[in-house]
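Residue numbers (UniProt numbering): 1 to 185.
All residues carry an ideal CB built from backbone N, CA and C; glycine is no exception.
For reference, the structure discussed in these notes is given below.
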């Protein structure tokens, strides 16, 4: 029973870490990456779809994303969707190829982004601690119902704490790496 609780807690903590990775990837550094346009949606025959479903999104160089719509009549709509997104990007159309240059980040903007990244990391830590709390509550309930001995419950809580420490350290590593990325000029 306690093993089930531990494996469930580890799965949830792993998921929290994945969500944090995804959220950190959305924070724009000075470098281009195709994942930046993942949340941009364009109207395609009456329904909203991600840009990646109507266009080929690739990197031209470290600071430029290339977007080539599969249908040439979609170029204007894709360009407008990128411009209207709240990413602060200014795409330039060259025939049916759209170039999206990454603007340089100012020092002030970098500091703002670091605050955002730290907030995301703290949300990740809170999520992991919530998983720990839920797992410990479950173990305490089993102990109260006399389904597990006291020693096993204590060992289970210690294992949950070790898992928590491991995943919090992962969050801190991700945060340090992202802060370093943001400060590179």
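Length of the line joining the Cα atoms of residue i and residue j
i           : j           : result
residue 128 : residue 153 : 20 Å
residue 91  : residue 109 : 20 Å
residue 163 : residue 9   : 8 Å
residue 49  : residue 63  : 25 Å
residue 39  : residue 83  : 13 Å
residue 27  : residue 1   : 40 Å
residue 43  : residue 115 : 33 Å
residue 16  : residue 71  : 38 Å
residue 179 : residue 41  : 28 Å
residue 134 : residue 24  : 26 Å
Best match in the options for proximity to residue i [C-alpha to C-alpha]
i           : options            : result
residue 53  : 62, 78, 61, 65     : 78
residue 13  : 120, 131, 38, 115  : 131
residue 254 : 25, 182, 34, 33    : The structure shown does not extend to residue 254, since the chain is modelled only from 1 through 185, so no value can be given for it.
residue 161 : 147, 139, 143, 145 : 139
residue 101 : 107, 69, 60        : 60
residue 117 : 3, 159, 165, 20    : 20
First and last residue of the uninterrupted beta strand (DSSP E) at residue i
i          : result
residue 94 : 92 to 94
residue 58 : 55 to 61
residue 64 : 64 to 69
residue 97 : 97 to 101
residue 18 : That residue, residue 18, is in no beta strand (DSSP E); its alpha helix (DSSP H) goes 2 to 26.
residue 44 : 41 to 44
residue 49 : 47 to 50
is_contact[residue i, chain D] using C-beta, thresh 8 Å
i          : result
residue 52 : Among the chains in the structure shown there is no chain D, since it carries only a single protein chain.
Status (buried if at least 16 other CB within 10 Å, exposed otherwise) for residue i
i           : result
residue 7   : exposed
residue 105 : buried
residue 149 : exposed
residue 215 : No answer is possible for residue 215: it lies beyond the span of the chain, which begins at 1 and ends at 185.
residue 36  : buried
residue 176 : exposed
residue 81  : buried
residue 76  : exposed
residue 46  : exposed
residue 94  : exposed
residue 67  : buried
residue 88  : exposed
residue 184 : exposed
residue 57  : buried
Span of the alpha helix (DSSP H), counted from its first residue to its last, around residue i
i           : result
residue 85  : Unbroken run through residue 85: none, as it is neither H nor E.
residue 127 : 107 to 144
Do the region 154 to 173 and the region 112 to 126 touch if we need at least three Cβ pairs shorter than 8 Å? yes
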